[in-house]
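Following: one structure in structure tokens, then a few remarks.
2 protein chains.
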Amino acid sequence: MNKPRIWTAETIAIGSELLLGGRLDTNSLFIADHLAACGVELRYKTTVGDDVSDIVAVLKTAVRRSRVVVLTGGLGPTIDDLTREAVARATGRRLARRKAALDGMIARLAEWGRTATTSQFRQAMIPAGADILPNPVGTAPGFALTWKGTFLAALPGVPREMEPMVKECVLPRLQEWLNAQKTVAVTPIVRRVLHTSGVPESLVDQKLTGLIPAGSPIQLGIYASPMEIMVSLTGPAAVKAQGPVTIDALFDETRDRLRDILYGEEGDTMESVVGRLLGEQKLTLAVAESCTGGLIGHRLTQVPGSSGYLDRVAVTYSNRAKVELLGVPAALIDRHGAVSAEVAAAMAHGMRERSGTSVGLSVTGIAGPGGATETKPVGLVYVGLDGGPNDTLTKEFRFHGGDRNVIKQRSSQAALDLLRRWLIKKGQG
Amino acid sequence: MNKPRIWTAETIAIGSELLLGGRLDTNSLFIADHLAACGVELRYKTTVGDDVSDIVAVLKTAVRRSRVVVLTGGLGPTIDDLTREAVARATGRRLARRKAALDGMIARLAEWGRTATTSQFRQAMIPAGADILPNPVGTAPGFALTWKGTFLAALPGVPREMEPMVKECVLPRLQEWLNAQKTVAVTPIVRRVLHTSGVPESLVDQKLTGLIPAGSPIQLGIYASPMEIMVSLTGPAAVKAQGPVTIDALFDETRDRLRDILYGEEGDTMESVVGRLLGEQKLTLAVAESCTGGLIGHRLTQVPGSSGYLDRVAVTYSNRAKVELLGVPAALIDRHGAVSAEVAAAMAHGMRERSGTSVGLSVTGIAGPGGATETKPVGLVYVGLDGGPNDTLTKEFRFHGGDRNVIKQRSSQAALDLLRRWLIKKGQG
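Taken in order, these protein sequences are the chains called A and B. Heads up, the first sequence stops at 429 in my numbering, and the numbers go up one at a time, no gaps. Heads up, the second sequence stops at 1429 in my numbering, and the numbers go up one at a time, no gaps.
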């Protein structure tokens, strides 16, 4: 064992759709982050279908190797929701209808002007002796119990129900339970994250060569996705356990080495960073999208408060829409094609002029699979920005590999990053 | 055991970034689909970090409960790549540098004009007696072996390397191995899927009560997400193994019971169904979004060929944009508020008129967390549709629970579903 003083955890995601249905368990990542903050390290993730004996088998394996087990899913009202039964069977407890669980469910339904159906009553059947974990969003309560020296919590699989329940119900109970365990000291784990954009993983890797000194318990992670390369530093929270260099010092050095390609830290997203810059500089934005089809607008409006700076978005998918909504000259489209730097510039200009906003941003490109020509391949994308007279930009991108969705994602990221860099320069000037 | 004649499988995804790094194992879904076609059912998915003893423990659990085990990841050249060592240790085999593995790697690098580095030689260390699986894309070969009556394959974690290796190397070897096992007949598994919208999970469950007859090996799955309730039927492909009622007959009955709430089958999405109906009827569409912020446009343009019917989308986030881009009377907004049936109707009307398309679709609502008033709570959404004079619709929705993102998703689904129902009626008229 190379991690003797850290508590180990395991997540079990329950649902046949997670095995075969084209759907992934995303809950375990959220749980891993929150357990780490309590000094509990996620070591295993298991996914199992809606089959009582399979779930029981997985539970028995989990308690043999992990001190904390968090189950998600299988708490709904249907006959394939089997988590309650499996936990009862594995732990040798009876299932009993619990008044607190029932009352919470009825109260929640009443808020929505509904009454409980017979099948929903199943949701109030909880293993005997378990703590009920109220669900602040939906109708299915969770529960927690200890079994063979393991802390076990069962939560709904719906992320917007599971997430507040982890924060409000599971973590306080877990912390209390950990404090009561005298045998092993708990060392919280911290994880610090930086976000880069516009460069390949190999370049980030190269810039960070030799960052972590020998003998350091701090782990460096470099993770690629279509949108970005993310960098993380993970290690014990206590400074004296961090070895030759502290995690904060390494974080500063990482930031320094990646300076030109960083766009954010920790929970930042490109759209939240752009939104913050627009808000700080009291600027307003209008966007003209073509190949991204609305994705830039969707991303910008994921940020609460975006109505403060985002005035409008036009998805001008047809050439006629580019002419009518943005005033792009039809002759310009004829001459250069809709996917060209000239049309990107005209789209950004028209958008800014017609909306009266501080800045216009545009994207036009070929997301595929159709639409390519001899000279214009799938993945060719132009971004335009108009910040007023003598303050315009266009940039060409060629995205290789990846389907329609990946090209839309990378195009939206490239456009927002161009805007971010322009905003930073403007803020400094 | 309630599935005695089906072979069971398990995937093991190896890599610490899959536990903690914000990245998900997507390979297991691909593997599950391809194993099912061979009659092998995925029962468990496990994810484990880059720790030899943890990987060994997971391997030992896997061979106890599954006859087929597929590992992904941990075959690269770095010291974090520990799959080879873990398999050797678990199975009691030596690691030996194998000529075939080395030659394949050197040939691949030569194609790229490169030579092997010292660390890459590690990739040719394969457990003794294992079959080498050539990598047609990258440098790391995989391998396959049998151990304690279990077929075990180890593959790279990069999807574009893993996927051809499953098809070209693993499945033929697996099929041969299955044929040689005389004890259990192999039955391919089929899965059929239906999609519903606009109703809660409990209603779908109620409509399907008693669907599956006693003694049937066919499994019913009901899966909820913010967008829809999905229903699946899974069972053996051979008709005589399907028990009292065939899967096709059950599929037809399911379709019949859910008729009014179904929107699609198998790989359909709401946006692909709407796109198909628009294409069939040669109609064009323009969309005016407010609270959904571009999500409807993004979804519609995920469908290849959507430029054939989608003319434009306007995200009129500000009231001024609603007036300027859509011609919504400012007085109407003053009187009823931007979130009202009246403004939804005016948005759809203005969009259709100004774009000259067959139909205008609009959404206005409060996605939260801000923006609510005494009479207009977060989750209040209006959808409008304008198909020409005397052919208009508006509909009010009240979405309870869920954050900004969920309300955007549910609003986009409700709007597209309203359009779908209108298109079906129009097609029949």
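Ideal Cβ placement from N, Cα and C applies to all residues, glycine included.
Where does residue i sit, in a helix, a strand or coil, going by DSSP?
i                  : result
Lys1426 of chain B : helix
Leu55 of chain A   : A small correction: the amino acid at residue 55 of chain A is Ile; Leu does not occupy that position in the sequence shown. Helix.
Val383 of chain A  : strand
Val339 of chain A  : coil
Pro1159 of chain B : helix
Ser1362 of chain B : strand
Glu1041 of chain B : strand
Phe399 of chain A  : coil
Val1166 of chain B : helix
Val1239 of chain B : helix
Ile450 of chain A  : Outside the shown range of chain A, which is 1 to 429, sits residue 450 of chain A, and nothing can be said about it.
Asp1050 of chain B : coil
Asp1434 of chain B : Shown here, chain B extends from 1001 to 1429; a query on residue 1434 of chain B therefore has no answer.
Ala116 of chain A  : coil
Val204 of chain A  : helix
Arg89 of chain A   : helix
Arg1097 of chain B : strand
Thr61 of chain A   : helix
Leu283 of chain A  : coil
Thr1083 of chain B : helix
Glu374 of chain A  : coil
Pro172 of chain A  : helix
Asp1025 of chain B : coil
Leu419 of chain A  : helix
Thr1139 of chain B : coil
Leu18 of chain A   : helix
Ile407 of chain A  : helix
Thr246 of chain A  : coil
Ser412 of chain A  : helix
Val328 of chain A  : coil
Ala1214 of chain B : coil
Gly294 of chain A  : coil
Per DSSP, residue i is paired with what?
i                  : result
Phe151 of chain A  : A:Val68, A:Thr146
His1195 of chain B : B:Met1230, B:Gly1264
Val1315 of chain B : A:Val313, B:Glu1289
Gln1219 of chain B : B:Thr1234
Val273 of chain A  : In the DSSP output, where bridge partners are listed per residue, Val273 of chain A has none listed.
Thr1011 of chain B : B:Lys1045, B:Val1070
Leu1224 of chain B : Note on residue identity: the sequence assigns Ala, not Leu, to residue 1224 of chain B. DSSP output for Ala1224 of chain B lists B:Ile1229 as bridge partner(s).
Thr1394 of chain B : B:Gly1384
Asp1131 of chain B : B:Ala1144
Ile189 of chain A  : A:Pro236
Relative to the alpha-carbon of residue i, which residue among the options has its alpha-carbon at the smallest distance?
i                  : options                                    : result
Lys426 of chain A  : A:Phe399, A:Phe397, A:Gly388               : A:Gly388
Val137 of chain A  : B:Ser1411, B:Gly1402, B:Arg1354, B:Ala1286 : B:Gly1402
Pro1348 of chain B : B:Val1239, B:Pro1134, B:Arg1191, B:Gly1327 : For the sequence presented, residue 1348 of chain B should be read as Ala rather than Pro. Residue B:Gly1327 is the option with its Cα nearest to Ala1348 of chain B.
Ala90 of chain A   : A:Tyr382, A:Thr139, A:Leu277, A:Trp147     : A:Trp147
Val1056 of chain B : B:Arg1043, B:Leu1042, B:Ile1012            : B:Ile1012
Glu1353 of chain B : A:Arg65, A:Glu111, A:Ala321, A:Ser53       : A:Ala321
Phe30 of chain A   : B:Thr1364, B:His1034, B:Leu1020, B:Ala1032 : B:Leu1020
Ile424 of chain A  : A:Val339, A:Met351, A:Ser355, A:Gln281     : A:Gln281
The region 1171–1199 of chain B: positions lying closer than 7 Å to chain A by Cβ: Arg1191
Segment contact flag, the region 303–316 of chain A with the region 372–388 of chain A, C-beta cutoff 8 Å, min 3 pairs: no
Using 8 Å as the cut-off, can you tell me whether the region 55–62 of chain A makes contact with the region 137–145 of chain A, which would need three or more C-beta pairs spanning the two stretches below that distance? no
So, do the region 283–290 of chain A and the region 315–324 of chain A have three or more beta carbon pairs nearer to each other than 8 Å? yes
Quick test of the definition: if touching needs 3 or more C-beta pairs under 8 Å, does the region 152–166 of chain A touch the region 203–212 of chain A? no
Check whether the region 250–262 of chain A touches the region 1260–1267 of chain B, counting contact only when three or more Cβ pairs, one atom from each stretch, lie closer than 8 Å. no
Counting beta carbon pairs with one atom in the region 20–31 of chain A and one in the region 75–89 of chain A, are three or more of them shorter than 8 Å? no
Near-chain B residues of the region 298–309 of chain A - C-beta to any C-beta below 9 Å: His298, Arg299, Leu300, Thr301, Gln302, Val303, Pro304, Gly305, Ser306, Ser307
Within 8 Å, do at least three Cβ pairs link the region 388–397 of chain A to the region 407–421 of chain A? yes
Under 8 Å (Cβ pairs) to chain B, residues found in the region 313–334 of chain A: Val313, Ala314, Val315, Thr316, Tyr317, Ser318, Arg320, Ala321, Glu324, Leu325
Using a Cβ cut-off of 8 Å, which residues of the region 1007–1030 of chain B contact any Cβ in chain A, in chain order? Ser1016, Glu1017, Leu1018, Leu1019, Leu1020, Gly1021, Gly1022, Arg1023, Leu1024, Asp1025, Thr1026, Ser1028, Leu1029
Residues of the region 1038–1055 of chain B whose Cβ lies closer than 7 Å to any Cβ of chain A, in chain order: Leu1042, Arg1043, Tyr1044, Lys1045, Thr1046, Thr1047, Val1048, Gly1049, Asp1054
Quick one: which residues of the region 99–119 of chain A get their C-beta closer than 8 Å to a C-beta of chain B? List them in chain order. Glu111, Trp112, Thr117, Ser119
Taking any Cβ of chain A, which residues in the region 1198–1213 of chain B have a Cβ under 8 Å from it, in chain order? Glu1201, Ser1202, Asp1205, Gln1206
Which of the residues in the region 1212–1232 of chain B, read from start to end, lie with their CB under 9 Å from any CB of chain A? Gln1219, Leu1220, Gly1221, Ile1222, Tyr1223, Ala1224, Ser1225, Pro1226, Met1230, Ser1232
Got a sec: which bits of the region 1385–1413 of chain B sit with their beta carbon under 8 Å from any beta carbon on chain A, in order along the chain? His1400, Gly1401, Gly1402, Asp1403, Arg1404, Asn1405, Val1406, Lys1408
Between the region 1120–1131 of chain B and chain A, which residues of the former have a C-beta closer than 7 Å to a C-beta of the latter? none
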